[in-house]
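Contents: one structure, followed by commentary.
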Amino acid sequence: MHETALYGPVKGFLEGLGFEVKGEIGSCDLVALSADAPPVVVVCELKLQFNLELVLQAVDRAAAADEIWLAARMSRRGKGRESDKRFRILCRRLGFGLLGVLDNDRVEVLLSPIAPAPRRDPKRRSRLIDEHRRRQGDPVAGGSTRSPIMTAYRQDALRCAAGLASGPLRPRDLAQTVSRAPKILLDNVYGWFVRIERGVYGLTDSGRAALQRWPQS
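Going by our numbering, the letters in the sequence shown line up with residues 31 to 247, in that order.
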């Protein structure tokens, strides 16, 4: 079993609270935004068991979020960390909420994040919001370790590649559908593009291979 098995139930739980949820945003297993302006940023880290590593991951993410939740599968015999009073006290002091996922995928709130949160990192928080909003759909389940992650940048690069599949174009032609197309073509992070002549770009073999791996509708 993998952490991604927890993503669906936890996502459904948070969506039921009115959040828009996406997985694998800025190294966070799950990022949820409220509809408010500015939005409430919720980060949830997933593990198969409640343990210290899960807490340490949450500590690393805390400066970018308004709320931090730790979610793990509940132990069948009730002897996991979720039943350890010391573990709950630690999470309460850190201001972290706990979500337990049962065998039937029902999510249970074990501890609400009510303690004062750590000092915020505005730039990091802004990056999470920007990536969440730019990313089309929710292409990666939280807790996934597969590489590469389908980021919003990769999605835009793939749309540029799809536009060039039928022949070379100018950046401003692609900018009508992908606003940052000129920079994506210039930076050529993935090696998908080649400059045919001044102001005109085409697609490389690796770019065509990327379109086969991630076909565009």
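Glycine included, every Cβ here is placed at the ideal spot set by N, Cα and C.
Residues of the same chain with a CB within less than 6 Å of the CB of Lys41, apart from the 5 flanking positions on each side, are Val51 in chain order.
In terms of Cβ geometry, Ala93 and Glu75 do not form a close pair [threshold 8 Å].
Excluding the 5 residues flanking it on each side, Phe117 has same chain C-beta neighbours closer than 6 Å at Arg111, in chain order.
Counting only runs that start and end inside the segment 57 to 90, the beta strand (DSSP E) elements of at least 3 residues fall at 58 to 63, 71 to 77. Beta-bridge partners assigned by DSSP to Trp99: Cys74, Gly127.
8 Å or more divides the Cβ of Val137 from the Cβ of Glu97. For a cut-off of 8 Å, the C-beta gap from Trp222 to Leu204 is around 12 Å, too long to register as a contact.
Only exposed fits Lys109, as fewer than 16 other CB atoms lie within 10 angstroms of its CB.
Contact between Thr207 and Gly193 is confirmed by a C-beta separation of about 7 Å, below the 8 Å threshold. From the listed residues Glu161, Tyr220, Phe80, the smallest Cα separation to Ser236 is found for Tyr220.
According to DSSP, Arg225 shares a beta bridge with Tyr231. Checking the DSSP bridge columns, you'll see Ile55 partnered with Cys58.
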